[in-house]
Structure formats: structure tokens, C-alpha cells
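Chemist:
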Amino acid sequence: KLRMQMLRAVANLYLEAEGASSTAGRVALHVYRFVQRWKPTVEKALAKVRDVMEHEIKDLVKIIRWDISNYHALKESVSRGHKQVAKVIRRFDESLQELVDMVLSAGASSVPVASTAGLALSAGRSYGALD
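As numbered in this note's numbering, residues 51 to 181 make up the sequence shown, in order.
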């Protein structure tokens, strides 16, 4: 979300500074508008994944017992709890990457051919995870 806002801001800055003939501004604006097509689908799927993760964390918090009989027992309990939370977060990160890949590949098949013709140069490249 933040990256898209930054892309839109960069496009606007180029267009204001160099005018409507700014190639960089027009390209950035085009990319922003093109990616906006998938925003509702990705956000809806992201909300589902986030709900599942939040539910797992709430269940984990209910299950974790803090043994406060002595310092070492408390330290061990906290360590176990951190490891369990780290596992949930790692699964969430993996599911986010799979989610974006799956949504975009499913969405790409439904996008008309004319609108994807200019993107042939970027096919097959990986630009990292989306936020």
C-alpha cells in the first residue's frame, strides 16, 4: 500500500516538474493505474489471511502459560512463547507471498491481452514481495 502511494507521488512529482510530456512520470502513473486493478482482490485475500493469523495468535496467547516460580522457568516460558509466535509470523509471511503470487497469476489470466501487451519486457522477473 505504501509503495503504491509512493509510486503515485513520484509520478505526480515528475508530471508537475517536467509537464505532461515526462516519460518517467507517465510510466510511473501507468504502472500505478495498472496495479490498482488487483488492489481490491489482493486486499480481500490479505484480510482473510490476516484474520487467520490473528486468530492463531489469540489462541496461542490463551495457551501459553507463564511459569513465574523462578527466573529461569519464566525465561524458558518466554523463550518458548517467542518461538511459537515466530513460527506463526513465518507462516504468515510465507502465505502472503503465496497469496500475492496466486492472486496475480489468477488475475493475469482475466486481464485482456491488449492491456498486457506493453508488459512483455518485465515478464519473468521477480521484484520482491509486495506490501
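Cβ coordinates follow ideal geometry from the N, Cα and C atoms, glycine included. This structure is a prediction, so every number in the text was calculated from the model and none was measured.
Check each candidate in Gln55, Ala78 and Met54 and name the one with the smallest Cα separation from Tyr64.
Modeler: Here residue 64 is taken as the residue at index 14 of the sequence shown, counted from 1. Nearest of Gln55, Ala78 and Met54 to Tyr64, Cα basis: Ala78.
Chemist: If you run the structure through DSSP and keep just helix, strand and coil, what is Arg87?
Modeler: As a position in the sequence shown, residue 87 is number 37, starting the count at 1. Note: Arg87 maps to coil in three-state DSSP.
Chemist: Tell me which residues share the same chain as Ile118 and place their Cβ nearer than 6 angstroms to its Cβ, disregarding the 5 neighbours each side in the sequence.
Modeler: Locating residue 118 in the sequence shown gives position 68, where the first residue counts as 1. For Ile118, where only same-chain residues beyond five positions count, the Cβ hits under 6 angstroms are Leu124.
Chemist: Once the 5 residues before and after Met54 are set aside, which same chain residues still bring their CB inside 7 angstroms of it?
Modeler: Counting from 1 along the sequence shown, the entry for residue 54 is found at position 4. Result list for Met54: Tyr82 and Val85, in chain order.
Chemist: Which same chain residues end up closer than 7 angstroms to Val60 when comparing Cβ atoms and leaving out the 5 residues on each side of it in sequence?
Modeler: Within the sequence shown, the letter at position 10 stands for residue 60. Here the set comprises Ala78.
Chemist: Please work out which residues of its chain come closer than 7 angstroms, Cβ to Cβ, to Ile139, disregarding the five sequence neighbours upstream and downstream, and give them in chain order.
Modeler: Counting from 1 along the sequence shown, the entry for residue 139 is found at position 89. So the list is empty, once near-sequence residues are dropped.
Chemist: Output needed for Phe142: all residues of its chain with C-beta closer than 6 angstroms, excluding positions within five of it in sequence on either side, in chain order.
Modeler: Within the sequence shown, the letter at position 92 stands for residue 142. Once the five neighbours on either side are set aside, the close Cβ partners of Phe142 are Met103.
Chemist: Where does Ser129 fall in DSSP's three states?
Modeler: Here residue 129 refers to the residue found at position 79 of the sequence shown. In the structure shown, Ser129 sits in a helix (DSSP, three-state: H, G or I).
Chemist: Run through the region 51-96 for me and flag every whole alpha helix (DSSP H) of 4 or more residues, listed as ranges in chain order.
Modeler: 52-68 and 73-86
Chemist: Taking Val111 as the reference, give the member of Val99, Lys133, Arg58 and Lys98 with the closest Cα.
Modeler: If you number the sequence shown from 1, residue 111 lands on position 61. Of the candidates Val99, Lys133, Arg58 and Lys98, the one whose C-alpha sits nearest the C-alpha of Val111 is Lys133.
Chemist: Quick one: Cα of Asp109 to Cα of Val135, how far?
Modeler: In the sequence shown, the residue the question calls residue 109 occupies position 59. In the sequence shown, the residue the question calls residue 135 occupies position 85. For Asp109 and Val135, the distance between alpha carbons rounds to 11 angstroms.
Chemist: Please state the DSSP three-state secondary structure of Ile107.
Modeler: Stepping through the sequence shown from its first residue, residue 107 is reached at position 57. Helix.
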